[in-house]
Amino acid sequence: MRKLFALLLCTCALTAMADGKYVGGDISLLPSYTGHGALYYDTDGNRIDAPLTYFKELGMNAMRVRLFVDPSKASSDDKGQGVCQDLDYVKALGKEIKEAGMALMLDFHYSDSWADPAKQWTPDSWTGLSDDELYTRIYEYTKEALQQMKAAGATPDFIQTGNEISYGMLWGKMSDPANTLKKCYVNSDANWPRFTTLLKKAISACREECPQAKVVIHTERVAQNEVLKSFYDKMSSYGVDYDIIGLSYYPYYHGSLTVLEGALNKMEANFPEKEIMLVETGYYHDWQPNDVTYDLSYTYPISGEGQKAFTEALIAKLNTHEKVTGLFWWFMEANEHGLDWNTQRVTDKWYNAGLFDNQTGKAEPAIKVLKDFLGQDGIEALPVSYEAQHSVYTLDGRSVERPTAPGLYIIDGKKQLIRR
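Numbering (the working numbering), first residue to last: 157 to 576.
This is how it looks when you write it as C-alpha coordinates:
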(Lines of atoms letter the chains of each structure in order from A; the text may use other names.)
(Lines give C-alpha, C1' and ligand atoms only; values in the text may rest on other atoms or scores of the structure.)
Protein backbone atom coordinates (compact mmCIF):
# COMPACT_ATOMS: atom_id res chain seq x y z
CA MET A 157 0.00 0.00 0.00
CA ARG A 158 2.84 2.41 0.87
CA LYS A 159 4.51 1.79 -2.50
CA LEU A 160 1.21 2.42 -4.29
CA PHE A 161 0.71 5.62 -2.29
CA ALA A 162 4.20 6.83 -3.18
CA LEU A 163 3.59 5.98 -6.84
CA LEU A 164 0.36 7.97 -6.88
CA LEU A 165 2.11 10.95 -5.30
CA CYS A 166 4.91 10.70 -7.84
CA THR A 167 2.36 10.65 -10.67
CA CYS A 168 0.62 13.73 -9.25
CA ALA A 169 3.93 15.55 -8.89
CA LEU A 170 5.01 14.75 -12.43
CA THR A 171 1.63 15.91 -13.73
CA ALA A 172 2.02 19.17 -11.81
CA MET A 173 5.51 19.64 -13.23
CA ALA A 174 4.14 19.10 -16.70
CA ASP A 175 1.48 21.72 -15.99
CA GLY A 176 4.21 24.16 -15.00
CA LYS A 177 3.76 24.54 -11.23
CA TYR A 178 6.48 23.80 -8.72
CA VAL A 179 6.58 23.63 -4.95
CA GLY A 180 9.35 22.78 -2.51
CA GLY A 181 12.02 24.61 -0.60
CA ASP A 182 15.58 25.80 -0.34
CA ILE A 183 17.40 22.86 1.25
CA SER A 184 20.97 24.11 0.87
CA LEU A 185 22.05 22.88 4.32
CA LEU A 186 20.40 19.45 4.21
CA PRO A 187 23.65 17.50 3.60
CA SER A 188 25.32 19.40 6.47
CA TYR A 189 22.51 18.47 8.86
CA THR A 190 22.30 14.82 7.88
CA GLY A 191 26.09 14.55 7.72
CA HIS A 192 26.34 15.76 11.31
CA GLY A 193 23.69 13.33 12.51
CA ALA A 194 20.55 15.47 12.72
CA LEU A 195 17.46 13.32 13.28
CA TYR A 196 14.34 13.97 11.23
CA TYR A 197 10.82 12.73 12.03
CA ASP A 198 7.50 13.07 10.22
CA THR A 199 4.45 14.76 11.72
CA ASP A 200 3.46 11.49 13.42
CA GLY A 201 6.88 11.05 15.02
CA ASN A 202 8.17 8.35 12.67
CA ARG A 203 11.88 8.47 11.82
CA ILE A 204 12.69 9.84 8.35
CA ASP A 205 15.69 8.04 6.90
CA ALA A 206 15.69 9.89 3.57
CA PRO A 207 14.37 13.47 3.79
CA LEU A 208 14.23 13.93 0.00
CA THR A 209 12.06 10.81 -0.33
CA TYR A 210 9.81 12.16 2.41
CA PHE A 211 9.49 15.53 0.65
CA LYS A 212 8.57 13.75 -2.59
CA GLU A 213 5.97 11.61 -0.82
CA LEU A 214 4.41 14.83 0.49
CA GLY A 215 3.91 15.99 -3.09
CA MET A 216 6.82 18.41 -3.47
CA ASN A 217 8.39 18.46 -6.92
CA ALA A 218 11.24 21.01 -6.82
CA MET A 219 14.12 22.10 -4.60
CA ARG A 220 16.39 25.14 -4.57
CA VAL A 221 20.12 25.23 -3.74
CA ARG A 222 22.46 28.22 -3.40
CA LEU A 223 25.99 28.33 -4.82
CA PHE A 224 28.87 30.52 -3.61
CA VAL A 225 32.06 31.12 -5.59
CA ASP A 226 34.48 30.30 -2.74
CA PRO A 227 32.75 30.02 0.64
CA SER A 228 36.08 29.25 2.32
CA LYS A 229 36.68 33.00 2.03
CA ALA A 230 33.51 33.88 3.96
CA SER A 231 33.73 35.36 7.44
CA SER A 232 33.42 33.08 10.46
CA ASP A 233 30.08 34.71 11.26
CA ASP A 234 28.74 33.95 7.80
CA LYS A 235 30.02 30.39 7.93
CA GLY A 236 28.17 30.09 11.22
CA GLN A 237 25.01 31.09 9.38
CA GLY A 238 25.35 28.25 6.89
CA VAL A 239 27.70 29.54 4.16
CA CYS A 240 29.47 26.42 2.87
CA GLN A 241 27.95 25.61 -0.53
CA ASP A 242 30.82 25.37 -3.00
CA LEU A 243 30.48 23.74 -6.41
CA ASP A 244 31.37 20.21 -5.27
CA TYR A 245 28.80 20.42 -2.47
CA VAL A 246 26.12 21.70 -4.83
CA LYS A 247 26.85 19.11 -7.53
CA ALA A 248 26.34 16.30 -5.03
CA LEU A 249 23.14 17.72 -3.59
CA GLY A 250 21.82 18.64 -7.03
CA LYS A 251 22.38 15.08 -8.24
CA GLU A 252 20.37 13.73 -5.28
CA ILE A 253 17.53 16.12 -6.03
CA LYS A 254 17.42 15.14 -9.69
CA GLU A 255 17.62 11.43 -8.87
CA ALA A 256 14.65 11.91 -6.55
CA GLY A 257 12.67 13.03 -9.59
CA MET A 258 12.47 16.68 -8.65
CA ALA A 259 13.25 19.86 -10.54
CA LEU A 260 16.34 21.80 -9.43
CA MET A 261 16.64 25.56 -9.03
CA LEU A 262 20.28 26.68 -8.92
CA ASP A 263 20.81 29.99 -7.13
CA PHE A 264 24.05 31.71 -8.17
CA HIS A 265 25.11 34.18 -5.48
CA TYR A 266 28.13 35.45 -7.44
CA SER A 267 29.89 36.08 -4.15
CA ASP A 268 31.91 34.14 -1.58
CA SER A 269 29.17 34.71 0.97
CA TRP A 270 25.60 35.92 1.34
CA ALA A 271 24.39 38.05 -1.53
CA ASP A 272 21.28 40.06 -0.65
CA PRO A 273 20.17 43.71 -0.89
CA ALA A 274 22.71 44.74 1.75
CA LYS A 275 25.61 42.53 0.59
CA GLN A 276 26.67 41.91 -2.99
CA TRP A 277 30.42 41.73 -2.57
CA THR A 278 32.70 40.66 -5.39
CA PRO A 279 34.36 37.24 -4.83
CA ASP A 280 37.86 37.51 -3.43
CA SER A 281 39.43 35.96 -6.53
CA TRP A 282 37.62 38.46 -8.77
CA THR A 283 38.66 41.63 -6.98
CA GLY A 284 40.86 43.93 -8.99
CA LEU A 285 39.23 42.98 -12.28
CA SER A 286 38.07 45.76 -14.56
CA ASP A 287 34.45 45.87 -15.65
CA ASP A 288 35.32 44.28 -18.99
CA GLU A 289 37.24 41.55 -17.21
CA LEU A 290 34.29 40.98 -14.86
CA TYR A 291 31.96 40.58 -17.84
CA THR A 292 34.20 37.84 -19.16
CA ARG A 293 34.68 36.23 -15.76
CA ILE A 294 31.00 35.99 -14.86
CA TYR A 295 30.31 34.40 -18.25
CA GLU A 296 33.16 31.91 -17.91
CA TYR A 297 32.35 31.07 -14.28
CA THR A 298 28.65 30.51 -15.01
CA LYS A 299 29.45 28.38 -18.05
CA GLU A 300 32.04 26.27 -16.21
CA ALA A 301 29.76 25.73 -13.23
CA LEU A 302 26.87 24.62 -15.43
CA GLN A 303 29.13 22.29 -17.40
CA GLN A 304 30.18 20.63 -14.17
CA MET A 305 26.61 20.44 -12.91
CA LYS A 306 25.55 18.68 -16.10
CA ALA A 307 28.47 16.26 -15.97
CA ALA A 308 27.52 15.39 -12.38
CA GLY A 309 23.93 14.55 -13.33
CA ALA A 310 22.63 17.75 -11.73
CA THR A 311 21.38 19.79 -14.67
CA PRO A 312 19.32 22.67 -13.28
CA ASP A 313 15.79 23.33 -14.50
CA PHE A 314 15.75 26.89 -13.18
CA ILE A 315 18.72 29.21 -12.79
CA GLN A 316 18.89 32.38 -10.70
CA THR A 317 21.52 34.72 -12.06
CA GLY A 318 22.02 36.50 -8.77
CA ASN A 319 20.29 36.46 -5.40
CA GLU A 320 18.05 39.35 -4.28
CA ILE A 321 19.70 41.73 -6.72
CA SER A 322 17.36 44.68 -6.17
CA TYR A 323 20.39 46.98 -5.85
CA GLY A 324 22.65 45.25 -8.34
CA MET A 325 25.52 42.85 -7.74
CA LEU A 326 29.31 42.62 -7.74
CA TRP A 327 29.63 46.03 -6.10
CA GLY A 328 33.28 45.82 -5.19
CA LYS A 329 35.24 44.94 -2.07
CA MET A 330 33.85 44.34 1.40
CA SER A 331 36.15 47.14 2.57
CA ASP A 332 33.75 49.71 1.12
CA PRO A 333 32.15 50.70 4.46
CA ALA A 334 30.03 53.47 2.99
CA ASN A 335 28.39 51.10 0.49
CA THR A 336 29.32 53.61 -2.18
CA LEU A 337 28.52 51.32 -5.08
CA LYS A 338 25.20 50.28 -3.57
CA LYS A 339 24.23 53.93 -3.24
CA CYS A 340 24.99 54.42 -6.91
CA TYR A 341 22.49 51.72 -7.78
CA VAL A 342 19.85 53.21 -5.52
CA ASN A 343 20.24 56.86 -6.46
CA SER A 344 21.56 56.93 -10.00
CA ASP A 345 21.18 55.35 -13.42
CA ALA A 346 24.96 55.34 -13.82
CA ASN A 347 25.45 51.68 -12.93
CA TRP A 348 22.54 50.15 -14.85
CA PRO A 349 24.55 49.51 -18.04
CA ARG A 350 27.26 47.74 -15.98
CA PHE A 351 24.74 45.75 -13.94
CA THR A 352 22.64 44.62 -16.89
CA THR A 353 25.74 43.71 -18.90
CA LEU A 354 26.82 41.43 -16.07
CA LEU A 355 23.37 39.83 -16.08
CA LYS A 356 23.32 39.38 -19.83
CA LYS A 357 26.76 37.75 -19.81
CA ALA A 358 25.66 35.30 -17.09
CA ILE A 359 22.37 34.57 -18.87
CA SER A 360 24.19 34.00 -22.15
CA ALA A 361 26.13 31.19 -20.49
CA CYS A 362 22.87 29.74 -19.13
CA ARG A 363 21.22 29.74 -22.54
CA GLU A 364 24.22 28.07 -24.12
CA GLU A 365 24.76 25.34 -21.53
CA CYS A 366 21.18 24.73 -20.30
CA PRO A 367 18.86 25.86 -23.09
CA GLN A 368 15.86 24.11 -21.50
CA ALA A 369 16.34 25.85 -18.14
CA LYS A 370 14.33 28.94 -17.26
CA VAL A 371 16.19 32.01 -16.02
CA VAL A 372 15.00 33.73 -12.84
CA ILE A 373 15.71 37.36 -11.94
CA HIS A 374 15.31 37.56 -8.15
CA THR A 375 14.38 40.66 -6.13
CA GLU A 376 12.68 41.33 -2.78
CA ARG A 377 10.98 44.75 -2.99
CA VAL A 378 7.43 43.37 -2.65
CA ALA A 379 6.59 46.10 -0.13
CA GLN A 380 7.55 48.79 -2.67
CA ASN A 381 5.46 48.18 -5.76
CA GLU A 382 6.79 51.08 -7.78
CA VAL A 383 10.41 50.24 -6.98
CA LEU A 384 9.71 46.65 -7.99
CA LYS A 385 8.08 47.74 -11.25
CA SER A 386 10.92 50.16 -11.98
CA PHE A 387 13.48 47.37 -11.56
CA TYR A 388 11.81 45.06 -14.06
CA ASP A 389 11.15 47.99 -16.39
CA LYS A 390 14.93 48.44 -16.45
CA MET A 391 15.34 44.76 -17.28
CA SER A 392 13.07 45.30 -20.27
CA SER A 393 14.63 48.56 -21.44
CA TYR A 394 18.14 47.07 -21.33
CA GLY A 395 17.06 43.90 -23.11
CA VAL A 396 17.79 41.41 -20.33
CA ASP A 397 16.62 37.97 -21.49
CA TYR A 398 14.88 36.13 -18.64
CA ASP A 399 11.77 34.04 -18.04
CA ILE A 400 10.65 34.34 -14.44
CA ILE A 401 10.21 37.15 -11.93
CA GLY A 402 11.51 35.68 -8.67
CA LEU A 403 10.38 37.29 -5.42
CA SER A 404 11.23 36.97 -1.74
CA TYR A 405 8.30 37.43 0.62
CA TYR A 406 8.67 37.24 4.39
CA PRO A 407 5.55 38.52 6.16
CA TYR A 408 7.53 39.56 9.23
CA TYR A 409 9.71 41.83 7.03
CA HIS A 410 7.35 42.81 4.20
CA GLY A 411 3.91 42.88 5.77
CA SER A 412 0.59 41.10 5.36
CA LEU A 413 -0.67 39.10 2.41
CA THR A 414 -2.35 42.27 1.19
CA VAL A 415 1.12 43.68 0.52
CA LEU A 416 2.06 40.58 -1.44
CA GLU A 417 -1.20 40.81 -3.37
CA GLY A 418 -0.34 44.34 -4.43
CA ALA A 419 3.06 43.25 -5.72
CA LEU A 420 1.62 40.31 -7.63
CA ASN A 421 -1.06 42.47 -9.21
CA LYS A 422 1.57 45.01 -10.23
CA MET A 423 3.81 42.38 -11.81
CA GLU A 424 0.97 40.66 -13.64
CA ALA A 425 -0.39 43.92 -15.02
CA ASN A 426 2.95 45.22 -16.25
CA PHE A 427 4.80 42.04 -17.24
CA PRO A 428 2.07 39.65 -18.42
CA GLU A 429 4.52 37.61 -20.47
CA LYS A 430 6.54 36.58 -17.39
CA GLU A 431 5.97 33.81 -14.89
CA ILE A 432 6.23 34.71 -11.21
CA MET A 433 7.71 32.53 -8.49
CA LEU A 434 7.99 33.02 -4.76
CA VAL A 435 11.54 31.70 -4.50
CA GLU A 436 11.85 32.51 -0.78
CA THR A 437 9.22 32.63 1.94
CA GLY A 438 8.74 31.49 5.52
CA TYR A 439 7.00 32.06 8.84
CA TYR A 440 7.98 31.26 12.42
CA HIS A 441 6.66 28.23 14.27
CA ASP A 442 8.52 29.11 17.47
CA TRP A 443 10.51 31.92 19.10
CA GLN A 444 9.90 34.82 16.76
CA PRO A 445 12.67 37.42 17.23
CA ASN A 446 11.77 40.72 18.86
CA ASP A 447 13.18 42.80 16.01
CA VAL A 448 10.82 41.71 13.25
CA THR A 449 9.36 44.59 11.27
CA TYR A 450 5.81 43.25 11.38
CA ASP A 451 4.32 41.10 14.11
CA LEU A 452 1.46 39.12 12.59
CA SER A 453 1.10 36.75 15.52
CA TYR A 454 -2.38 38.08 16.24
CA THR A 455 -3.43 36.59 12.89
CA TYR A 456 -1.05 33.64 12.73
CA PRO A 457 0.12 32.58 16.22
CA ILE A 458 3.80 31.71 16.59
CA SER A 459 3.19 27.97 16.73
CA GLY A 460 3.06 24.99 14.45
CA GLU A 461 -0.64 25.56 13.83
CA GLY A 462 -0.08 29.28 13.27
CA GLN A 463 2.62 28.53 10.71
CA LYS A 464 0.23 26.12 9.00
CA ALA A 465 -2.53 28.74 8.95
CA PHE A 466 -0.16 31.23 7.31
CA THR A 467 0.89 28.63 4.74
CA GLU A 468 -2.72 27.82 3.87
CA ALA A 469 -3.59 31.49 3.52
CA LEU A 470 -0.48 32.15 1.41
CA ILE A 471 -1.26 29.28 -0.94
CA ALA A 472 -4.88 30.37 -1.24
CA LYS A 473 -3.66 33.83 -2.24
CA LEU A 474 -1.07 32.55 -4.71
CA ASN A 475 -3.55 30.20 -6.35
CA THR A 476 -5.74 33.13 -7.37
CA HIS A 477 -2.88 34.28 -9.63
CA GLU A 478 -2.40 32.20 -12.76
CA LYS A 479 1.04 33.66 -13.45
CA VAL A 480 2.41 32.41 -10.11
CA THR A 481 4.01 29.07 -10.92
CA GLY A 482 6.43 28.43 -8.07
CA LEU A 483 6.58 28.41 -4.26
CA PHE A 484 9.80 27.68 -2.33
CA TRP A 485 10.05 27.69 1.47
CA TRP A 486 13.40 29.06 2.56
CA PHE A 487 15.61 26.95 4.88
CA MET A 488 12.86 24.41 5.39
CA GLU A 489 15.37 21.72 6.47
CA ALA A 490 16.58 23.62 9.56
CA ASN A 491 16.85 21.02 12.35
CA GLU A 492 19.37 20.94 15.20
CA HIS A 493 17.81 17.88 16.90
CA GLY A 494 20.28 15.08 17.45
CA LEU A 495 23.36 17.33 17.23
CA ASP A 496 25.86 17.98 19.97
CA TRP A 497 25.59 21.77 20.22
CA ASN A 498 29.18 22.03 21.47
CA THR A 499 30.85 19.99 18.75
CA GLN A 500 28.45 19.24 15.87
CA ARG A 501 26.34 22.32 15.33
CA VAL A 502 25.60 23.28 11.74
CA THR A 503 24.68 26.90 12.43
CA ASP A 504 25.41 29.20 15.35
CA LYS A 505 21.75 30.07 15.84
CA TRP A 506 18.51 28.17 15.51
CA TYR A 507 16.22 29.26 12.69
CA ASN A 508 12.65 28.71 13.82
CA ALA A 509 10.86 29.39 10.56
CA GLY A 510 11.84 26.12 8.91
CA LEU A 511 9.48 23.16 8.65
CA PHE A 512 11.01 21.06 11.45
CA ASP A 513 11.17 21.59 15.20
CA ASN A 514 14.80 22.18 16.16
CA GLN A 515 14.28 20.61 19.58
CA THR A 516 12.46 17.43 18.55
CA GLY A 517 13.30 17.02 14.86
CA LYS A 518 9.59 16.55 14.16
CA ALA A 519 8.05 17.98 11.01
CA GLU A 520 5.70 20.91 11.52
CA PRO A 521 2.12 20.54 10.22
CA ALA A 522 2.69 23.20 7.52
CA ILE A 523 4.91 20.77 5.63
CA LYS A 524 1.88 18.70 4.64
CA VAL A 525 -0.06 21.56 3.04
CA LEU A 526 2.61 22.86 0.65
CA LYS A 527 1.39 20.45 -2.02
CA ASP A 528 -1.93 22.32 -2.07
CA PHE A 529 -0.18 24.91 -4.22
CA LEU A 530 -0.24 22.31 -6.99
CA GLY A 531 -3.99 21.83 -6.69
CA GLN A 532 -3.68 18.36 -5.13
CA ASP A 533 -5.33 16.86 -2.07
CA GLY A 534 -8.82 17.10 -3.48
CA ILE A 535 -8.91 20.89 -3.68
CA GLU A 536 -11.55 21.76 -6.22
CA ALA A 537 -11.42 24.96 -8.23
CA LEU A 538 -14.77 26.76 -8.39
CA PRO A 539 -15.82 30.13 -9.83
CA VAL A 540 -16.10 33.03 -7.41
CA SER A 541 -19.83 33.16 -8.16
CA TYR A 542 -20.26 29.72 -6.58
CA GLU A 543 -23.26 29.68 -4.25
CA ALA A 544 -22.70 27.39 -1.26
CA GLN A 545 -25.64 25.25 -0.23
CA HIS A 546 -24.23 24.30 3.16
CA SER A 547 -21.46 25.31 5.58
CA VAL A 548 -18.73 27.70 4.41
CA TYR A 549 -15.75 28.74 6.52
CA THR A 550 -12.70 30.90 5.87
CA LEU A 551 -9.29 29.50 6.79
CA ASP A 552 -9.25 31.50 10.01
CA GLY A 553 -12.43 29.76 11.15
CA ARG A 554 -15.07 32.40 10.35
CA SER A 555 -18.45 31.15 9.15
CA VAL A 556 -19.65 33.02 6.04
CA GLU A 557 -22.81 32.78 3.96
CA ARG A 558 -20.88 32.32 0.73
CA PRO A 559 -17.39 32.91 -0.71
CA THR A 560 -17.07 36.63 -1.41
CA ALA A 561 -13.59 36.69 -2.94
CA PRO A 562 -11.11 34.32 -4.58
CA GLY A 563 -9.25 32.11 -2.13
CA LEU A 564 -9.30 28.84 -0.22
CA TYR A 565 -12.41 27.99 1.79
CA ILE A 566 -13.68 25.04 3.80
CA ILE A 567 -16.99 24.11 2.16
CA ASP A 568 -18.92 21.20 3.68
CA GLY A 569 -15.73 20.10 5.38
CA LYS A 570 -13.67 20.08 2.16
CA LYS A 571 -11.01 22.51 0.99
CA GLN A 572 -12.14 24.26 -2.16
CA LEU A 573 -10.29 26.90 -4.18
CA ILE A 574 -12.46 29.75 -5.38
CA ARG A 575 -10.90 31.34 -8.48
CA ARG A 576 -11.51 34.70 -10.08
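Backbone N, C-alpha and C fix where the C-beta goes; we use that ideal spot for every residue, glycine too. Quantities reported herein were computed from a predicted structural model and do not represent experimental measurements.
Around the CB of residue 548, 16 or more other CB atoms lie within 10 Å, so the residue is classed as buried. According to DSSP, residue 193 shares a beta bridge with no other residue. Rounded to whole angstroms, the gap between the alpha carbons of residue 262 and residue 404 is 15 angstroms. Counting C-beta pairs closer than 8 angstroms gives fewer than three between the stretch 455-469 and the stretch 491-503, which falls short of the contact rule. About 7 angstroms separates the beta carbon of residue 438 from that of residue 487, a gap short enough to meet the 8 angstroms contact definition. Contact between residue 210 and residue 512 fails: their C-beta atoms lie close to 11 angstroms from each other, not under 8 angstroms. With the rule of 3 Cβ pairs closer than 8 angstroms, the stretch 415-430 does not count as touching the stretch 345-360. Under the three-pair Cβ rule at 8 angstroms, the stretch 235-251 does not count as touching the stretch 277-297. Separation of residue 465 and residue 220 (C-alpha to C-alpha, rounded to the nearest whole angstrom) is 24 angstroms. The Cβ atoms of residue 489 and residue 514 do not sit closer than 8 angstroms to each other.
Closest option to residue 188, judged by alpha-carbon separation, among 470, 280, 207 and 275: 207. Here residue 518 carries a strand assignment [DSSP, helix/strand/coil]. Comparing C-alpha distances from residue 388 to each of 426, 181 and 225 shows the shortest one belongs to 426. Of the residues 204, 256, 421 and 288, the one whose Cα lies closest to the Cα of residue 382 is 421. Taking 8 angstroms as the cut-off, the Cβ atoms of residue 184 and residue 226 do not count as close.
A distance below 8 angstroms separates the beta carbons of residue 264 and residue 317. Residue pairing of residue 203 in beta bridges, as defined by DSSP: 197. One Cα belongs to residue 556, the other to residue 412, and the distance between them is close to 22 angstroms.
Separation of residue 476 and residue 470 (C-alpha to C-alpha, rounded to the nearest whole angstrom) is 10 angstroms.
As for any alpha helix (DSSP H) of minimum length 4 sitting wholly inside the stretch 457-486, the runs are 460-474, ordered along the chain. For residue 359, the enclosing alpha helix (DSSP H) stretches over residues 348-365. Residue 317 is bridged by DSSP to 264.
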